[in-house]
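As you go down the protein sequences, you meet chains Z and P in turn. The first sequence lines up with residues 43 to 530 when you count with our numbering. The second sequence lines up with residues -19 to 482 when you count with our numbering. Built from N, CA and C at the ideal position, the CB exists for glycine as well. Data block below; observations after.
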Amino acid sequence: MKHIHLLYTLLFGVAVLLFFGMAYPHHLHYQEQYQLFLFDSTYVWDIIRLPGGIADLLGRFCTQFFLFAWVGALIIALLLSAVQLLTLRLISVSGNGAGVRAVFHGLSFVPSFLLWLFLLDENALLGGVWAVLLTLLALWLFVKLPKGWVRRIVIIVTIPILYWMVGPNWNGSHYHRYPTVFPTLLYAAWLTAVALPLLLSIKRKVKSEKNLSKQSDRGRAASAVPASASTGRRQQILHFSLFTFTFIIMMMLVWKNANFKAEKVMQYDFMACHQQWNRILQTVNAEKPNNQIGVTVQNLALGMRGMLSERLFDYHQNGLLGLLPDVERDATSPMPTAEAFYQLGMIYVAQRTVFEAQESILDFQKSGRCYKRLAQTNLILGSYEVARKYLTALQKTLFYRDWANETLPLLGNEEAIAKHPEYGRLRQFVCSDDYYFSDHVTSDMLERLFLCNTENRLAFEYLKAYYMLTGDRENYAKLLLHLQKLKQ
Amino acid sequence: MRRILTFYIFLISLLFAACTETVSDAKQEAAQPQIYPDYVGVTIPVNIAPLNFSMADEQALCIDAVITDNHGNSLHSQGEAVDFDLDDWHTLLGQNRGDSLNITVSAKYDDGWHTYSPFSIYVSLDSIDYGICYRLIEPGYEVWSKMGIYERDLSTFDERPLIENTQFEGCVNCHSFNRGNPADMSLHIRGPHGATLLRQNGGPFTAYNTKTDQTLGLCVYPYWHPSGRYVAYSTNATSQLFHNAHPNRIEVFDTASDLQVYDVEKNELLLSPLLKQDSVFETFPVFSPDGRSLYFCAAMGHPLELKGSGNGLDSLHYSLCRIDFDPATGTFGNQVDTIVCASASSTWGDRKGASVSFPRPSYDGRFLCYTLSDYGQFSIWHHEADLWLLDLATGESRPMTEANSPDTESFHNWSTNSRWLVLSSRRDDGLYTRPYFCHVDTAGVVTKAFMLPQRNPRRFYRDRFFSFNVPDFIIAPTHFDGRQASRLINDESRKDFGVRQQ
Chain Z
43 MKHIHLLYTL LFGVAVLLFF GMAYPHHLHY QEQYQLFLFD STYVWDIIRL
93 PGGIADLLGR FCTQFFLFAW VGALIIALLL SAVQLLTLRL ISVSGNGAGV
143 RAVFHGLSFV PSFLLWLFLL DENALLGGVW AVLLTLLALW LFVKLPKGWV
193 RRIVIIVTIP ILYWMVGPNW NGSHYHRYPT VFPTLLYAAW LTAVALPLLL
243 SIKRKVKSEK NLSKQSDRGR AASAVPASAS TGRRQQILHF SLFTFTFIIM
293 MMLVWKNANF KAEKVMQYDF MACHQQWNRI LQTVNAEKPN NQIGVTVQNL
343 ALGMRGMLSE RLFDYHQNGL LGLLPDVERD ATSPMPTAEA FYQLGMIYVA
393 QRTVFEAQES ILDFQKSGRC YKRLAQTNLI LGSYEVARKY LTALQKTLFY
443 RDWANETLPL LGNEEAIAKH PEYGRLRQFV CSDDYYFSDH VTSDMLERLF
493 LCNTENRLAF EYLKAYYMLT GDRENYAKLL LHLQKLKQ
Chain P
-19 MRRILTFYIF LISLLFAACT ETVSDAKQEA AQPQIYPDYV GVTIPVNIAP
31 LNFSMADEQA LCIDAVITDN HGNSLHSQGE AVDFDLDDWH TLLGQNRGDS
81 LNITVSAKYD DGWHTYSPFS IYVSLDSIDY GICYRLIEPG YEVWSKMGIY
131 ERDLSTFDER PLIENTQFEG CVNCHSFNRG NPADMSLHIR GPHGATLLRQ
181 NGGPFTAYNT KTDQTLGLCV YPYWHPSGRY VAYSTNATSQ LFHNAHPNRI
231 EVFDTASDLQ VYDVEKNELL LSPLLKQDSV FETFPVFSPD GRSLYFCAAM
281 GHPLELKGSG NGLDSLHYSL CRIDFDPATG TFGNQVDTIV CASASSTWGD
331 RKGASVSFPR PSYDGRFLCY TLSDYGQFSI WHHEADLWLL DLATGESRPM
381 TEANSPDTES FHNWSTNSRW LVLSSRRDDG LYTRPYFCHV DTAGVVTKAF
431 MLPQRNPRRF YRDRFFSFNV PDFIIAPTHF DGRQASRLIN DESRKDFGVR
481 QQ
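This is the structure we're talking about:
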């Protein structure tokens, strides 16, 4: 029972793993797609040369594994467990009373839970967690060192190094676009992790001074009474009760603050990104989408399966905004629309939408998903040197490398592109009829797209759906007539 | 342990020895090498950083280059890219000012070494300024990500950020110096902390609010008067449209624009009715080298028509105009002269149309370089845009064919000795703007443009997802204190511009 605390840590870790793996996996996918990690010396140097760079780099390195949600969940579970264990370790070093340790054992989970709460925000970066962990490691190093000059010198030397490793993560500068955003939870986690052992240490000092005065009265022998078996059991019950209490309170907070609505949106986006059309239809059949992105993705999946106009009103609709929503200036919402533009053959528009989405990333990072799509659109449009630039960057990644290596030989190879099932088809659909596009798709645009290539079945489906949603019977009839003529 | 150590030393030796070998049994090629960047036959200033390069194709396993001069000196480099020693390079250039250098390139492929016909580079008698200053920004549409203003020492590869938008919320643009002298400097910040930072004679920066109730909007496109007392600005109501199917992805255009000159000493914007006409779009003001004229671009505008669908955008042609300016009194002349007329179709040959942007007079008063595109004023997104040179003595214009490319050439600036031009070009990949340099002699002879040197140009330009925006020469390091500037930006206090109507 000596290591009972490890069991509690394990329980906590499993809870984190299950939460992120089962309830929050698409938040991890979301993070991965907007945090491109490159195995490149210039990239690494650009990060670590800045204060806080080491924590940032470690965070970004770990985030690339979020492509696989369970791996991401495991990484988070390990990091949060490590934070808890280190906090507990520091408490153990600082405190000497068994009862006090029991109380603080329960509280040692507080920093990890706060970090868990922090990570519920899709824009909270893992670098923040690493910053707390590195700080705790440094503190642990300090207390492990023998008291005296050596410790003082190490502290003096380590503090600037520590600042360089984790520094600005404390002022929230990882939100470059909104530098005034204050990561309260991150601060709270750090403060509790540092303050708990400190409080206990102060308490111990005060207590030892009192003991000294008592010992002078009663003698040393009285204070050295060994703990009885019943005292041990009481300690275990206290441990368990405090752990359970902290765990329940914190889990309630986590559940209450989790954004499951966003998770659902991210799920639709994820499925559209991976072109899982059947899975999308299964999902909407099970539960109708309650958000605009869900409807957009649902309609795209219907279109890709050739059922959009036929079964349009069998599914929940949201007017034209659910078909092709106006392009917004953020990183998330335009991506499913961009997928629809891409599949429709509106390659220039898809390119612009994806480019802008990438530019909107809050911490000015790049996106593997966007790089991939930008390489594809440039390849389709024949801008091979620009496509090569994106592909060369993706060659320096862990999980996009193979795709980049497969795609590079296509550049400039017109015959291979023409034969390619996706690029060849989409190149045929690109309409040379130029007009200015702002943020809003009109029926005229879809009509031009369809008339440019009447083989473009998706454009036909979308145009028909457009007329159906706007109740434009006249143009709907004209379209059917036109199609009839084409068949003749 | 010793074995492991020996093994690692062997591995490291192999790494270094991977491309250090004698060029032997080389196949002689009659053609000159295809190198990246294309430095074949270029004219360079004596104080430029080493022109490192690699083979243009990526099949070469190794490249070897030997530079020889007419005095028996030589310089050698071999590797994935040639990387000449900085000091040796400058010594060699110093010894060959006004003379040619011959470069023999060999490249190793799977079938062995190939040695190409040597090519020359010419070391000009004219040196170039200390460095250039530019903005690095992704060539995007409307949303911006990370960007900043940077300075680069042209005799080395050192680059330093002046300010980046990670230091405040917003974007930064339009850095401007008085004839390359950073003692007089202007810089715009856009966004919630918008301001124009301005300093004179190396003094402290002041943050200004440049919008007044008598002008169209914020001041943009600054250009310093040679005296340092005035800064010419335009004020533009700018819009954007996006092509659905055209390589020129974006159209940036004004729906209204005017000109104004700021008197730094009196804190007054000087306005003239001739420069703020409702039916005319005036933009890109620049002072003549003597400070007695203001050149600018102007087009007859139809604001309401443009605001809608963008119809009529391709009929918007800007001409180069000029108005007198009296620096003693801060007053403008009574008439506007057209110097280069956009509708003079005989001048432009077989072009579809012509529109002048970014006029820049050389500081010796001999030439004026401008960008010519088919229409509009934001030529960076126009693949057909080229540089033209106006001889101010004869009034004749000609395309700078030697420096132009089939792709975009746009923004440009003169060195302070008026012999070098830094120009923005998208010739490399059609999207990302890179700085190039060409020499223009007193007779107007232009040389082939060469790309800004880098230690490993292919790696550098391929890895960098930024365009070099608004490159301008600087005669010395700017000594710009980014921290102090960001404090100034984040502080809400702004000094307002006063106004004086003519």
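Chain-ordered chain P contacts of residue i [CB-CB under 9 Å]
i	result
Ile403 (chain Z)	Ser125
Asp475 (chain Z)	Asn224 and Ala225
Presumed contact (8 Å Cβ cut-off) between residue i and residue j, rounded CB distance
i	j	result
Arg340 (chain P)	Trp394 (chain P)	6 Å
Ala111 (chain Z)	Leu70 (chain Z)	5 Å
Thr413 (chain P)	Ser404 (chain P)	5 Å
Arg444 (chain P)	Phe137 (chain P)	No, Arg444 (chain P) and Phe137 (chain P) are not in contact; Cβ-Cβ is about 13 Å, not under 8 Å.
Ser326 (chain P)	His297 (chain P)	Rounded, the Cβ-Cβ distance is 15 Å, inconsistent with contact.
Asn53 (chain P)	Asp79 (chain P)	No, Asn53 (chain P) and Asp79 (chain P) are not in contact; Cβ-Cβ is about 11 Å, not under 8 Å.
Pro25 (chain P)	Leu66 (chain P)	Not quite, the Cβ-Cβ distance comes to about 15 Å (not below 8 Å), so this is no contact.
Proximity test, residue i beta-carbon vs the ligand GDP heavy atom, cut-off 7 Å
i	result
Phe267 (chain P)	Of the ligands one can find in the structure shown there are none, so the ligand GDP has no counterpart to examine.
Backbone secondary structure at residue i - three-state DSSP
i	result
Val196 (chain Z)	helix
Pro202 (chain Z)	helix
Leu162 (chain Z)	coil
Asn153 (chain P)	strand
Phe233 (chain P)	strand
Val123 (chain P)	coil
Asp471 (chain P)	coil
Lys189 (chain Z)	coil
Leu521 (chain Z)	helix
Cys277 (chain P)	strand
His71 (chain Z)	helix
Gln180 (chain P)	coil
Gly92 (chain P)	strand
Asn393 (chain P)	strand
Ala264 (chain Z)	Caution is warranted here: a pLDDT of 44 is assigned to Ala264 (chain Z), below 50, making its placement in the model unreliable, and no coordinate value can be reported.
Contact set between residue i and chain Z, taken where Cβ atoms lie within less than 9 Å
i	result
Asp409 (chain P)	Ser425, Tyr426, Glu427, Val428, Arg430 and Lys431
Leu221 (chain P)	Tyr478, Phe479 and Ser480
Cβ of residue i within 8 Å of any chain Z Cβ
i	result
Glu472 (chain P)	no
His226 (chain P)	yes
Gly128 (chain P)	no
Ser34 (chain P)	no
Arg229 (chain P)	yes
CB contact below 8 Å: residue i versus chain P
i	result
Ser375 (chain Z)	no
Thr338 (chain Z)	no
Val307 (chain Z)	no
Asn213 (chain Z)	Residue confidence is low: Asn213 (chain Z) scores 48 on pLDDT, short of 50, so the model does not pin down where it sits. No coordinate-derived value is stated.
Chain Z contact residues for residue i, given Cβ-Cβ distances below 8 Å
i	result
Gly120 (chain P)	Phe397, Glu398 and Glu401
Contacts of residue i in chain P (Cβ-Cβ under 7 Å)
i	result
Asp486 (chain Z)	Residues of chain P passing the Cβ test: none, with the nearest at roughly 11 Å.
Thr84 (chain Z)	Asp443
Closer than 7 Å at the beta carbon, the chain Z residues around residue i
i	result
Arg209 (chain P)	The contacting residues do not exist; Arg209 (chain P) stays about 36 Å from chain Z at best.
Arg442 (chain P)	Lys431 and Thr434
Arg140 (chain P)	Residues of chain Z passing the Cβ test: none, with the nearest at roughly 13 Å.
Amino acids of chain P, ordered along the chain, whose beta-carbon sits closer than 8 Å to that of residue i
i	result
Phe406 (chain Z)	Ser125, Lys126 and Thr146
**OP:** State whether the segment 93 to 107 of chain P contacts the segment 382 to 391 of chain P, with contact taken as three or more CB pairs (one from each stretch) at a distance under 8 Å.
**Re:** no
**OP:** Count the CB pairs spanning the segment 82 to 95 of chain P and the segment 29 to 48 of chain P that are closer than 8 Å, and state whether there are at least three.
**Re:** yes
**OP:** Indicate whether the contact test is met: 3 or more Cβ pairs, each with one atom in the segment 120 to 129 of chain P and one in the segment 399 to 414 of chain Z, closer than 8 Å.
**Re:** yes
**OP:** Check whether the segment 449 to 462 of chain Z touches the segment 199 to 215 of chain P, taking contact to mean three or more Cβ pairs, one atom from each stretch, closer than 8 Å.
**Re:** No, they do not touch.
Original post:
Three or more C-beta pairs closer than 8 Å, one from the segment 306 to 326 of chain Z and one from the segment 342 to 352 of chain Z: is that the case here?
Top reply: A contact exists between the segment 306 to 326 of chain Z and the segment 342 to 352 of chain Z.
**OP:** Determine contact between the segment 293 to 312 of chain Z and the segment 149 to 165 of chain Z, defined as no fewer than three beta-carbon pairs at a distance below 8 Å.
**Re:** yes
Subject >> Cβ pair count under 8 Å reaching 3, the segment 434 to 450 of chain Z against the segment 97 to 109 of chain Z >> reply: yes
Subject >> Cβ pair count under 8 Å reaching 3, the segment 54 to 66 of chain Z against the segment 415 to 426 of chain Z >> reply: no
Subject >> Contact the segment 57 to 70 of chain P vs the segment 463 to 471 of chain P: 3+ CB pairs below 8 Å >> reply: Under the 8 Å Cβ criterion, the segment 57 to 70 of chain P does not count as touching the segment 463 to 471 of chain P, having fewer than three qualifying pairs.
Original post:
Quick one: any contact between the segment 379 to 399 of chain Z and the segment 362 to 381 of chain P, if contact means 3 or more CB pairs under 8 Å?
Top reply: no
Original post:
Using 8 Å as the threshold, is the segment 83 to 96 of chain Z in touch with the segment 197 to 207 of chain Z, meaning 3 or more CB pairs across them?
Top reply: yes
Original post:
Using 8 Å as the Cβ pair cut-off and three pairs as the minimum, do the segment 373 to 381 of chain Z and the segment 212 to 230 of chain P touch?
Top reply: With the cut-off at 8 Å, the segment 373 to 381 of chain Z and the segment 212 to 230 of chain P do not touch.
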